[in-house]
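Chemist: First the structure, which I've put down as structure tokens, then a few questions once you've had a look.
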Ligand SMILES: Nc1ncnc2c1ncn2[C@@H]1O[C@H](COP(=O)(O)OP(=O)(O)OP(=O)(O)O)[C@@H](O)[C@H]1O
Ligand SMILES: [Mg+2]
């Protein structure tokens, strides 16, 4: 996340002579430069070289500068983009700035102006980076959990987290089991202006449906047999703080409606109560389910889904986080050997290789357990591959090669089955429509499905024909 000189300036310009001139100007001031001639090349460079600033022409032979701008913002919303535009098309530059460009340069480009702008962009970026780091440091000092890892994907997530923390927006944390959703939810709270208020968590999957409503909203005395006193719910307890709705995908439909109302109106009633209570609560929800698919299956309310996904943050699985595996492993080794009062320990190269080869279906939690076990087993000061006991575990799906190994079977049994049947259904629908030249009646009868059900399914899969 550091800015130049380690991270280059990306120059997107199709005219060779102009590109050479600009490169020369920048290199003369010790800026490293990478080049692209069109939108597609620019995207590759953004992903691979992680430029500190993007300088792009608005007109390109393939795609255009606005496309580059949007792609850059998608990869990293804070990446400064400067657009270059020919004299007479300032209007285009203005639209680019409306879409998030930092500034524009009129052609012919004045070298001093160019340098000034690039340096300003780099300074701005450095400040943003430092800001993120400072905020994290401050939050850690206030007891926020420490998030280990410096993989670019994870850093991007951390940046999103910091950005979301400053607002009261509802945040939806998505990610496989054990990727750190709860950890991120706590960090989000600690980074937010509500840090001094309570962080209240409720796991929607762990509490029986019958109790969930009173847990969330509380109850009045005599609301039901056994309700001897009045009990506040988690919504009330989280007043002026953050309410973490964990495993939101498991929330029963009836409660989904009630939660939606509570979020929208910032008020609710206790079970057995008639009086509306006002609360000031920031909602953070998490799930390892595919909520969009749950919506299509009518298991999750679409309106609640939209309300929750104002600010979705996806935490990548550990196997996609390259260097984080080793960094986390080293962190956990040190943590557990201290807890167990053991001497400092290192991992052998073979142990490191084994860690890096493994697919970690249980993500960070699994890695943490694996290292804890290894530290307990290890009697000297080096952890061997055998201490990790990874060979006995299923091999990485990444190296498997049957057609079934290409299918995403992660998550719970129900998740995997739903994902597979949903996809199979979609393919059958499309094939039937294709075979019958888009005639819905014939396609439905070929599949032996009623016409109305067929149309409903098309809608569920957002298939238009
Ligand atoms: N980046 C990280 N740095 C340090 N510890 C981490 C990191 N990510 C996860 N952990 C640790 O891994 C464990 C699992 O994380 P967490 O409970 O937040 O995952 P989760 O996504 O909520 O999992 P689940 O879906 O199973 O509820 C926790 O002990 C957490 O502290
Ligand atoms: Mg969790």
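Residue numbers (my numbering): 1 to 465. Where is the CB? At the ideal position from N, CA and C, for every residue including glycine. If you're wondering where the values come from, they're calculated on a predicted model, not measured in any experiment.
Helix, strand or coil: how does DSSP classify residue 79 here?
Modeler: For this step, residue 79 is matched to residue 79 along the chain shown. Here residue 79 sits in coil by DSSP.
Chemist: Tell me, please, which residues DSSP counts as bridged to residue 236.
Modeler: Position 236 of the chain shown, counting from 1, holds the residue named residue 236. According to DSSP, residue 236 bridges with nothing at all.
Chemist: Any chance the CB of residue 177 is under 6 Å from a heavy atom of ligand 1?
Modeler: Against the chain shown, residue 177 aligns to sequence position 177. Result yes, Cβ under 6 Å from ligand 1.
Chemist: Is residue 182 near ligand 2 - that is, is its Cβ less than 6 Å away from at least one heavy atom of it?
Modeler: Within the chain shown, the letter at position 182 stands for residue 182. Yes, Cβ of residue 182 sits closer than 6 Å to a heavy atom of ligand 2.
Chemist: Count the CB pairs spanning the stretch 319–326 and the stretch 334–341 that are closer than 8 Å, and state whether there are at least three.
Modeler: With a cut-off of 8 Å, the stretch 334–341 and the stretch 319–326 do not count as touching, because too few Cβ pairs lie within range.
Chemist: Work out the CA separation of residue 191 and residue 166 for me, nearest whole Å.
Modeler: Position 166 of the chain shown, counted from the first residue, corresponds to residue 166. Position 191 of the chain shown, counted from the first residue, corresponds to residue 191. When rounded, the distance between both Cα atoms is 8 Å.
Chemist: Could you give the residue range of the alpha helix (DSSP H) that holds residue 363?
Modeler: To locate residue 363, count along the chain shown from 1; it is residue 363. Its alpha helix (DSSP H) spans residues 363–377.
Chemist: Pull up the DSSP beta-bridge partners for residue 466, would you.
Modeler: Any property of residue 466 remains undetermined from this structure, which presents the chain solely from 1 to 465.
Chemist: Mark residue 395 as exposed unless 16 or more other C-beta atoms lie within 10 angstroms of its C-beta, in which case mark it buried.
Modeler: On the chain shown, residue 395 is found 395 positions in, with the first residue counted as 1. Low confidence applies to residue 395: its pLDDT is 49, below 50, so where it sits in the model is not reliable enough to give any reading.
Chemist: What is the rounded straight-line gap between the Cα of residue 421 and the Cα of residue 250?
Modeler: The residue labelled residue 421 in the question sits at position 421 within the chain shown. The residue labelled residue 250 in the question sits at position 250 within the chain shown. Residue 421 and residue 250: Cα-Cα distance of roughly 19 Å.
Chemist: Quick one: is residue 414 buried, meaning 16 or more other Cβ sit within 10 Å of its Cβ, or exposed?
Modeler: Stepping through the chain shown from its first residue, residue 414 is reached at position 414. Exposed, because fewer than 16 other Cβ atoms sit within 10 Å of the Cβ of residue 414.
Chemist: Straight-line CA distance for residue 332 to residue 254?
Modeler: Taking the first residue of the chain shown as 1, we reach residue 332 at position 332. Taking the first residue of the chain shown as 1, we reach residue 254 at position 254. Approximately 41 Å, taken between the alpha carbons.
Chemist: Output needed for residue 449: all residues of its chain with C-beta closer than 6 Å, excluding positions within five of it in sequence on either side, in chain order.
Modeler: By one-based count along the chain shown, residue 449 stands at place 449. Closer than 6 Å at Cβ, skipping near neighbours: no residue.
Chemist: Where in the stretch 18–64 do unbroken runs of the alpha helix (DSSP H), each at least 4 residues long, occur, reported from the N-terminal end onward?
Modeler: The stretch 18–64 contains these whole alpha helix (DSSP H) runs: 39–49.
Chemist: What distance in whole Å lies between the Cβ atoms of residue 125 and residue 487, which are believed to be in contact at a cut-off of 8 Å?
Modeler: The first residue shown for the chain is 1 and the last is 465, placing residue 487 beyond what the model contains.
Chemist: Would you mind giving the Cβ-Cβ distance between residue 51 and residue 75, rounded to the nearest angstrom? I have them listed as a contact below 8 Å.
Modeler: To locate residue 51, count along the chain shown from 1; it is residue 51. To locate residue 75, count along the chain shown from 1; it is residue 75. Not really, about 10 Å apart at Cβ, beyond 8 Å.
Chemist: Can you check which of these residues, 115, 41 and 47, is closest to residue 22 by C-alpha distance?
Modeler: Position 22 of the chain shown holds residue 22. Looking at the Cα atoms, 115 is the closest of the given residues.
Chemist: Quick check on this structure: which residue in 106, 70 and 101 has the alpha carbon closest to the alpha carbon of residue 85?
Modeler: The residue you call residue 85 lines up with position 85 of the chain shown. When each option's Cα is compared against that of residue 85, the closest is 106.
Chemist: If residue 68 and residue 82 are in contact, beta carbons under 8 Å, what's the gap, nearest whole angstrom?
Modeler: Working through the chain shown from its first residue, we reach residue 68 at position 68. Working through the chain shown from its first residue, we reach residue 82 at position 82. Incorrect: roughly 11 Å between the Cβ atoms, too far for contact.
Chemist: In the DSSP assignment, find the beta strand (DSSP E) that holds residue 314 and state where it starts and stops.
Modeler: Translated into the one-based positions of the chain shown, residue 314 becomes position 314. From DSSP, the beta strand (DSSP E) with residue 314 extends over 311–314.
Chemist: Answer yes or no: do residue 273 and residue 220 have a C-beta to C-beta separation smaller than 7 Å?
Modeler: What you label residue 273 is simply residue 273 of the chain shown in a count that begins at 1. What you label residue 220 is simply residue 220 of the chain shown in a count that begins at 1. In contact: residue 273 and residue 220 (Cβ atoms closer than 7 Å).
Chemist: Near residue 441, what residues of its chain come up, given a Cβ to Cβ distance below 8 Å and the 5 sequence neighbours on each side ignored?
Modeler: Here the question's residue 441 lines up with position 441 in the chain shown. The answer, listed in chain order, is 451.
Chemist: Could you give the DSSP three-state label for residue 221: helix, strand or coil?
Modeler: As a first step, residue 221 is located in the chain shown; it is residue number 221 there, counting from the start. Of the three classes helix, strand and coil, the one that applies to residue 221 here is coil, per DSSP.
Chemist: Which term fits residue 294, buried or exposed, when burial requires 16 or more other beta carbons within 10 angstroms of its beta carbon?
Modeler: As a first step, residue 294 must be located in the chain shown, where it is residue number 294. It counts as buried.
Chemist: Go through its chain and collect everything with a Cβ distance to residue 20's Cβ below 7 Å, but skip five positions before and after it.
Modeler: Start at 1 with the first residue of the chain shown, and residue 20 comes out as number 20. Answer for residue 20: no residue qualifies.
Chemist: Look up residue 7 in the DSSP assignment and say whether it is helix, strand or coil.
Modeler: Counting from one through the chain shown, the residue named residue 7 turns up at place 7. Residue state, collapsed to three classes: coil.
Chemist: Hey, how far is the Cα of residue 163 from the Cα of residue 13?
Modeler: Within the chain shown, the letter at position 163 stands for residue 163. Within the chain shown, the letter at position 13 stands for residue 13. Their backbone Cα atoms lie some 32 Å apart in a straight line.
Chemist: Go through its chain and collect everything with a Cβ distance to residue 25's Cβ below 8 Å, but skip five positions before and after it.
Modeler: Locating residue 25 in the chain shown gives position 25, where the first residue counts as 1. Answer for residue 25: 111, 114 and 115, listed in chain order.
Chemist: Between the beta-carbon of residue 149 and the beta-carbon of residue 345, is there less than 7 Å?
Modeler: For this step, residue 149 is matched to residue 149 along the chain shown. For this step, residue 345 is matched to residue 345 along the chain shown. For residue 149 and residue 345, no; Cβs fall outside 7 Å.
Chemist: Are three or more beta carbon pairs between the stretch 196–203 and the stretch 167–178 nearer than 8 Å?
Modeler: Touching, no, given that fewer than three Cβ pairs across the two stretches are closer than 8 Å.
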